[in-house]
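**Q** Supplied in structure tokens, the structure appears directly below.
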Amino acid sequence: MAEATANPEDDTVHYDGPAGGWGSVRGITRIFGKEAASPLAMETLARQNKPHGFMCVSCSWAKPADYHPFEFCENGAKATLWELTSKRCRPEFFAAHTVTELRGWRDYDLEEQGRLTHPLRYDPASDRYLPCAWEDAFREIGAELRRLDPWESVFYASGRASLETSYLYGLFARLYGHNNLPDSSNMCHETSSVALKKTLGVGVGTVVYDDLAKTDCLLFFGQNPGTNSPRFLHPLQEAAKRGAEILVFNPVRETGLESFTNPQSPLEMVTRKATPIATQYHQVRPGGDIAVILGICKHVFAADDLAKEEGRRVLDAAFIEAHTHGLEAFEARVRGTAWAEIERESGLPRSAIEAAGAAYVKAERVTAFYGMGLTQQVHGFDNVAMLVNLLLLRGMIGRDGCGISPVRGHSNVQGQRTVGIGEKPEEVPLDKLAAQYGFEPPRKKGLNTVEACQAILGKRVKAFLGLGGNFLRAIPEQVAMELAWTDLRLTVQVATKLNRSHLVNGAVAYLLPCLGRTEEDRQQSGPQAVSVEDTFSTIYGSLGKRTPASEHLMSEAAIVAGIARATLDPNPRVPWDTWIADYGLIRQAIAETYPEFFERFNDRLWQKGGFYRGNKARERIWETESGKAEFSLPASLSAVGFADAPGRYRLITLRSNDQFNTTIYGFSDRLRGIEGRRDVLLMNPDEIARAGLEAGQSVSLTADAEDGIAREAGPLVVTPFALPDGCLGAYYPEMNPLIALSHHDIQSKTPAAKGVPVRIRA
Ligand SMILES: Nc1nc2c(c(=O)[nH]1)N[C@H]1C(S)=C(S)[C@@H](COP(=O)(O)OP(=O)(O)OC[C@H]3O[C@@H](n4cnc5c(=O)[nH]c(N)nc54)[C@H](O)[C@@H]3O)O[C@H]1N2
Ligand SMILES: Nc1nc2c(c(=O)[nH]1)N[C@H]1C(S)=C(S)[C@@H](COP(=O)(O)OP(=O)(O)OC[C@H]3O[C@@H](n4cnc5c(=O)[nH]c(N)nc54)[C@H](O)[C@@H]3O)O[C@H]1N2
Ligand SMILES: [Mo]
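Residues in the sequence shown are numbered consecutively from 93, following our numbering.
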């Protein structure tokens, strides 16, 4: 059986087996036992991601029409069992522990207490959370909000809540009077929303699930499907088997991109046969992607020069002429950049980049997939825009089997934006809302995540509502933010399990427990379904059937409606109670606001394979400034936004295979061969030697930001790992105290968590 071992050749820690396979089965079994989930949980897993089933609460990967018998992966199963745990975090727990005491606990131990069971109010006298009645909670929260200027409040959303809940949440903010609606997307694919909008006219990807069966070349930049979207490994395996080129660019050699054994295939499982995935694997330097892609473009222009001599073209000249703008300046920039510069910034030899270029030139249908490796950089916008440039050169957008695909994170993060959660007023049909509900919506831009943090530090915000998530652990600048947090007047957190954000509270604080997506949501008209949108803009119904973790839970939709009703003056056109009695009526309201996406929403809710909401760029209609797809010039050849200096490293903050964002399921990062601990500092053996360190030594990291603020994390154990020179790897969220709030993508303000300047302190 595959095990984590030290690599005999260079002593680095790595994993010997494929992704999937028996390791993933063992992973599921272990969590099943740990959460003491009832045998009925298996029945729930069998309904996961299927028509009339429920849609996984883990990632936003597609739920295909021709599904597998078990359309779930190791990490989807972990997420489901995490929700279905038999453990409960009851009022007795809070009676036994003060909030100050709990603040000293590890994230893992907090969530290990299990599901929250009662609405709770913070009692300053005893420093404890005490149970309260739902109506009292709503009344006091409403009264507090009514006392504030609406712009002094922030309504955060974490990307899981359904389309129905999200629509109500956004509407509530606007009826109340602000656009301060940051969401987890602001820390994630906001870079994509901004860059794709600017260059292609749509803020989402152009690829659909069926393209995966047609593409003959997949470019993979900074996304780790083995851990973060494991069901992606099935179409990837199929593509590999049909001989498609799979070109990976990642500083880390991620197992899922190297080889895969399909746990759903008895033959592969018994024979332990693994399919190799990547046909080329390039360990680019963190922040080196702009240079790599520019190098590939350079190769494309050179190949076009040669082809022209033979009367052929490599560029899609007709497409460029009819559909794009700005080629000339881009071409001049590419031709004017020397290979030596490209090699230095990318950390890759010219020959490797040319090999990738040759595969791209040969392919008929190319798709590009990417994740946090591109978006969480200071020049993240340029990373994404460069990928667009590359695809435009050969007309790889708006054809079957082609396109660009940001692989989204949270299961409904893209959908939340679709139905109005967002701080940018221009992206919400405010006139429509005004007419539909008879009010004057706020028109000023609201706060995104970084701006909300700045406003909290500057004491300009007095109330924070969190619809899920773990804001204080997910954001940068943790130390200063936690200090500022206690100055808030009101904090309200809607959650399923206890986390650190609940323990740093405002003067008036509520912790409101909600139903999970697997659970039956029974309202006046009967059990309610909800809906979510996946990474390919496809929308699915989702029906929870499990008995709720506690009879005191409310649905997220009902909690939002409860707070809204208590805050706002009555408006007969905004029937909160009627909406909650029957979510079909919320879907009707959504269809009225967004007819272009949600026409006949209720009829299409259970369409097999979901329904596609369409994408203009896919049809080659470009809603950009020029009316065409835009070539753009990167501001810099390096994406990290700081210069190299002696002793300064580029830190990548990583997700393990045993976590979902700030939720730590366990201490095993099986696919990277790291077991039993998360306090590791990954660096390559030569780098360890150059720094005068030894494997196993304990060190800490300090931030190397220019603002002079001391930021530190550790202790960490130096662990040899195959990474490029000059870079370090360590886990998110433990490293977040090291990230300055100002260290973010310039255009979108997405925190630059994949290229953090740090120093090592021995
Ligand atoms: N099991 C599980 N599933 C998840 C999540 C989870 O935490 N656990 N989180 C969900 C969420 S919200 C999201 S956004 C997604 C995140 O999914 P991903 O987008 O895959 O995010 P990460 O794992 O943070 O990082 C992705 C990859 O970027 C690489 N990388 C780092 N720096 C660079 C660089 O400069 N260039 C390149 N080319 N690559 C780089 C890293 O080595 C890593 O392999 O997953 C979702 N699914
Ligand atoms: N350094 C660094 N920082 C990062 C990242 C990184 O790669 N590196 N990644 C960023 C990214 S991509 C993201 S998306 C953010 C994630 O930021 P968030 O979305 O804010 O964080 P999560 O960890 O997903 O939130 C977990 C909590 O959600 C609650 N929860 C779970 N299920 C439900 C539910 O059904 N309803 C409700 N109401 N609550 C629920 C539970 O209480 C749980 O503790 O972090 C960002 N921060
Ligand atoms: Mo994310």
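Glycine included, every Cβ here is placed at the ideal spot set by N, Cα and C.
Is any heavy atom in ligand 2 found nearer than 8 Å to the beta carbon of Ile-567?
**A** Yes; taking the cut-off as 8 Å, the Cβ of Ile-567 has a heavy atom of ligand 2 nearer than that.
**Q** Using a Cβ-Cβ cut-off of 6 Å (strictly less than) and excluding sequence neighbours within five positions of Val-300, which residues of its own chain qualify?
**A** Hits under 6 Å: Phe-628.
**Q** Which of the three DSSP states, helix, strand or coil, is assigned to Pro-829?
**A** Reduced to three states, the DSSP call for Pro-829 is helix.
**Q** In the DSSP output, which residue or residues are listed as bridge partners for Phe-146?
**A** For Phe-146, which the question treats as bridged, DSSP gives the partners Gln-140.
**Q** Using the three-state DSSP reduction, which class does Ala-555 fall into: helix, strand or coil?
**A** In the structure shown, Ala-555 sits in a strand (DSSP, three-state: E or B).
**Q** Have a look at Glu-569 and Ile-831 and give me their C-alpha separation to the nearest angstrom.
**A** Distance between the alpha carbons of Glu-569 and Ile-831: 6 Å.
**Q** From Val-505 to Ser-276, what distance separates their C-alpha atoms?
**A** The straight-line gap from Cα to Cα measures roughly 7 Å.
**Q** What are the partner residues of Ser-867, as DSSP defines its beta bridges?
**A** The chain is shown from 93 up to 854; residue 867 falls before or after that span and cannot be answered.
**Q** Between Thr-459 and Met-488, is the Cβ-Cβ spacing less than 9 Å?
**A** In this structure, Met-488 lies closer than 9 Å to Thr-459 by Cβ.
**Q** Quick one: grab the DSSP three-state call for Thr-257.
**A** Looking at Thr-257 - three-state DSSP - the assignment turns out to be helix.
**Q** Looking at Ala-129: is its Cβ nearer than 9 Å to the Cβ of Leu-176?
**A** Yes.
**Q** Does the stretch 594–608 come within contact of the stretch 473–490, defined as at least 3 CB pairs closer than 8 Å?
**A** Because the criterion of three Cβ pairs below 8 Å is not met, the stretch 594–608 and the stretch 473–490 do not touch.
**Q** Assuming Arg-457 and Gly-493 form a contact by the criterion Cβ under 8 Å, report the distance between their Cβ atoms to the nearest whole angstrom.
**A** Sure, about 3 Å apart at Cβ, within 8 Å.
**Q** Within 10 Å of its beta-carbon, does Ala-409 have 16 or more other beta-carbons around it, so buried, or fewer, so exposed?
**A** The residue in question, Ala-409, is exposed, as its Cβ has fewer than 16 Cβ neighbours within 10 Å.
**Q** Please report how far the alpha carbon of Tyr-823 lies from the alpha carbon of Val-772, in whole angstroms.
**A** About 8 Å.
**Q** Check for me: the beta strand (DSSP E) holding Asp-219 runs from which residue to which?
**A** Element bounds for Asp-219: n/a, residue is neither H nor E.
**Q** Would DSSP call Ala-844 helix, strand or coil?
**A** The answer is coil: DSSP assigns Ala-844 none of H, G, I, E or B.
**Q** Decide if Arg-427 is buried, meaning its Cβ has at least 16 other Cβ atoms within 10 Å, or exposed.
**A** Arg-427 comes out exposed.
**Q** Please classify Lys-170 as buried or exposed, where buried requires at least 16 other C-beta atoms within 10 Å of its C-beta.
**A** Buried, by the Cβ-count rule.
**Q** Beta-carbon within less than 8 Å of Ser-245's beta-carbon, same chain only, minus the 5 sequence neighbours each way: which residues are those?
**A** Cβ within range, chain order: Leu-237, Tyr-268, His-270, Asn-272, Val-553, Lys-554, Ala-555, Phe-556, Leu-557, Leu-582.
**Q** Measuring only the C-alpha atoms, how far is Lys-720 from Ala-287?
**A** Answer to the nearest angstrom: the Cα atoms are 14 Å apart.
**Q** In whole angstroms, what separates the C-alpha of His-471 from that of Ser-730?
**A** Computed Cα separation, rounded: 8 Å.
**Q** In the structure shown, what three-state DSSP assignment does Phe-186 receive?
**A** Phe-186 falls in the helix class under three-state DSSP.
**Q** Helix, strand or coil for Ala-94, going by three-state DSSP, please let me know.
**A** Bear in mind that a pLDDT of 39 at Ala-94, under 50, signals an unreliable position, so the number given afterwards is only what the model happens to contain. Coil, per DSSP.
**Q** Does Gln-205 pass the burial test, meaning 16 or more other C-beta atoms within 10 Å, or should it be called exposed?
**A** With 16 or more other Cβ atoms within 10 Å, it is buried.
**Q** Do Glu-337 and Cys-309 have their C-beta atoms closer together than 9 Å?
**A** Yes; because the gap between Cβ atoms is below 9 Å, this pair is in contact.
**Q** Given 8 Å as the limit, tell me if Asn-931 has its C-beta closer than that to any heavy atom belonging to ligand 2.
**A** This structure does not reach residue 931, given that the chain is present from 93 up to 854, and the question cannot be answered.
**Q** Which residue comes first and which comes last in the alpha helix (DSSP H) that contains Val-652?
**A** 648–659 is the extent of the alpha helix (DSSP H) around Val-652.
**Q** With Met-464 as the anchor, note down where its alpha helix (DSSP H) starts and where it stops.
**A** That run of the alpha helix (DSSP H) goes 464–467.
**Q** Would you check if the distance between the CB atom of Pro-343 and the CB atom of Pro-378 is smaller than 9 Å?
**A** Taking 9 Å as the Cβ cut-off, Pro-343 and Pro-378 qualify as a contacting pair.
**Q** For Ser-152, which residues from the same chain have a beta carbon less than 6 Å from its beta carbon, with the 5 sequence-adjacent residues on both sides left out?
**A** Arg-500, Ser-503, Asp-626, Thr-627, listed in sequence order.
**Q** Which class does Arg-581 belong to by DSSP, given the choice of helix, strand or coil?
**A** Reduced to three states, the DSSP call for Arg-581 is coil.
**Q** Going by C-alpha to C-alpha distance, which of Tyr-373, Phe-752, Phe-264, Asp-108 sits closest to Arg-565?
**A** Ranking Tyr-373, Phe-752, Phe-264, Asp-108 by Cα distance to Arg-565 puts Phe-752 first.
**Q** Starting from Glu-904 and walking both ways along the beta strand (DSSP E), at which residues does that stretch end?
**A** Residue 904 is absent from the model: the chain starts at 93 and stops at 854.
**Q** What residues match up with His-594 in a beta bridge as DSSP calls it?
**A** In the DSSP output, where bridge partners are listed per residue, His-594 has none listed.
**Q** Classify Ile-567 as buried or exposed, calling it buried when 16 or more other Cβ atoms lie within 10 Å of its own Cβ.
**A** With 16 or more other Cβ atoms within 10 Å, it is buried.
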